[in-house]
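Going by our numbering, 136 is the number at position 136 of the sequence shown; the sequence numbering is gapless.
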Amino acid sequence: MTLDKNTQKKPQQRVVKSVARTLETLEFFDEVRRPVNVVEVSGQLGYPQSSTSALLKSMVAMGFLSYDTKGRTYFPTDRVPLIGSWMNPALFGEGALLRLLNAISERSKQVVLLGARNGDDAQYIQVVNPNKAVPHHISLGTRRPLGTSGVGSALLSTMSSSEVQRMFHRINAYRTDGEPVVDIKTVLASISATREKGYFMSYDRVVQGSGLIATLLPRECTDRPLVVGIGAPTDVIRSRENELAAILQEEIDRFFGNEAAPAKIGASAPISIGTARDRIETPKLWAMTGS
């Protein structure tokens, strides 16, 4: 997990360094899913080894990590997943969301992303990459501009045209030197196409040779827009577009649709979500706070 500072964890606002490192460490564990030592955490995240050691020891003292004295490795405790277990049981209850992502990945044999809005970016908040299905590395926390990324385009489909125009007028006005101007007409056309299809498809857009097919999760399941996407090499996206879009639709319906068993989603009754087009065609389904 070597971070690309230009395209990945690049916050737009100043953050407290200790907070950022703590959360990035937890994201690193979520990605590697095995015990690691100080040297590996320090090397992969780019932290000084002394600071990394102090951070990990503090997380042990707080009960978030355990320490194996024999192997000199650290690993998260049960306290980590329990922190947010009370939130949104329809989506997270009994691991429904993670099982959904794994099911999509198993059927498609490709990387599966879960994305949300973070300010003016789309951010990957979960990544399932079976056997390194994509040639380039995609890590948790990766951020992409809303206007030029596949996940961003799907998220923008929840907003009205006037909201999108206002947002990108602001982005263009305050862009940094050398940052390209966002073509608002192109963005609006992309959003319109996304609503028509019920999903977004692109390739060679952010990373040359790679593409994405993405759609929204049911709005009944979450209080903010969340996007599930399948990332794959360009030739796979182009040749399997209909198949991959169908996999997304079918698995979302299976986990959260009318056919889903109540026990699976932690609810007293199944949740009706309609088709992918129903989820994405009406703008302003959510209040976009920018958080």
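The C-beta atom is built at its ideal place from N, Cα and C for all residues, glycine as well. Just so you know, these numbers come straight off a predicted model, no measurement behind them.
Cβ-based burial, R34 [other Cβ within 10 Å; buried from 16]: exposed
Which whole-angstrom value describes the C-beta separation of A122 and V151, a residue pair presumed to lie in contact below a C-beta threshold of 8 Å? 4 Å
Around the C-beta of L212, are 16 or more other C-beta atoms found within 10 angstroms, so that it is buried, or is it exposed? buried
Inspect the beta-carbon positions of A116 and I104 and report whether they are closer than 9 Å. no
At least three beta-carbon pairs within less than 8 Å, the segment 205-220 to the segment 161-176: Judged by Cβ distances under 8 Å, the segment 205-220 makes no contact with the segment 161-176, as fewer than three pairs qualify.
Taking the CB atoms as reference points, tell me whether N118 and Y74 lie closer together than 9 Å. no
Anyone know if the C-beta pair for V15 and T25 falls short of 9 Å? no
Between the C-alpha atoms of V112 and R219, what's the straight-line distance to the nearest angstrom? 19 Å
I'd like the list of long-range same chain contacts for R21, defined as Cβ closer than 7 Å, with 5 residues on each side in sequence excluded. Y47 and L55
I need the DSSP call for D121, collapsed to helix, strand or coil. strand
Run through the DSSP bridge pairs and tell me what F28 is partnered with. F28 is not bridged to any residue.
For Q44 versus F28, is the C-beta spacing smaller than 9 Å? yes
Reducing DSSP to helix, strand and coil, say where T158 ends up. coil
Within its chain, find whatever has a CB closer than 7 Å to the CB of S53; leave out the 5 residues flanking it on each side and keep chain order. V38
Residues near L226 in its chain [Cβ-Cβ closer than 6 Å; skip 5 each side]: A116 and L217
T215, enclosing beta strand (DSSP E) - first and last residue: S210 to L216
Could you tell me the boundaries of the beta strand (DSSP E) in which V228 lies? L226 to P233
For M59, report the span of its alpha helix (DSSP H) as first-last. Q49 to A61
Could you name the residues of the same chain whose beta carbon sits closer than 7 Å to that of T77, not counting the 5 residues immediately before and after it, in chain order? G63, F64, L65 and S66
Can you name the start and end residues of the alpha helix (DSSP H) that S108 belongs to? A96 to S108 is the extent of the alpha helix (DSSP H) around S108.
Beta-carbon contacts of D30 that lie in its chain and below 7 Å, excluding the five residues immediately before and after: The beta carbon of D30 is closer than 7 Å to those of L140 in its chain, skipping five residues each way along the sequence.
Please report the Cβ distance between V182 and I171, rounded to the nearest whole angstrom; I am assuming they are in contact, meaning their Cβ atoms lie under 8 Å. 6 Å
Residue of S160, I83, L244 and F255 minimising C-alpha distance to Q110: The shortest Cα separation from Q110 among S160, I83, L244 and F255 belongs to L244.
For L97, is the classification buried or exposed, using 16 other Cβ atoms within 10 angstroms of its Cβ as the cut-off for buried? L97 comes out buried.
Within its chain, find whatever has a CB closer than 7 Å to the CB of T234; leave out the 5 residues flanking it on each side and keep chain order. Y203, D204, G209, S210 and G211
What's the gap between the Cα of R195 and the Cα of R72? 51 Å
Can you pull the DSSP bridge partners for M167? Per DSSP, none; premise fails for M167.
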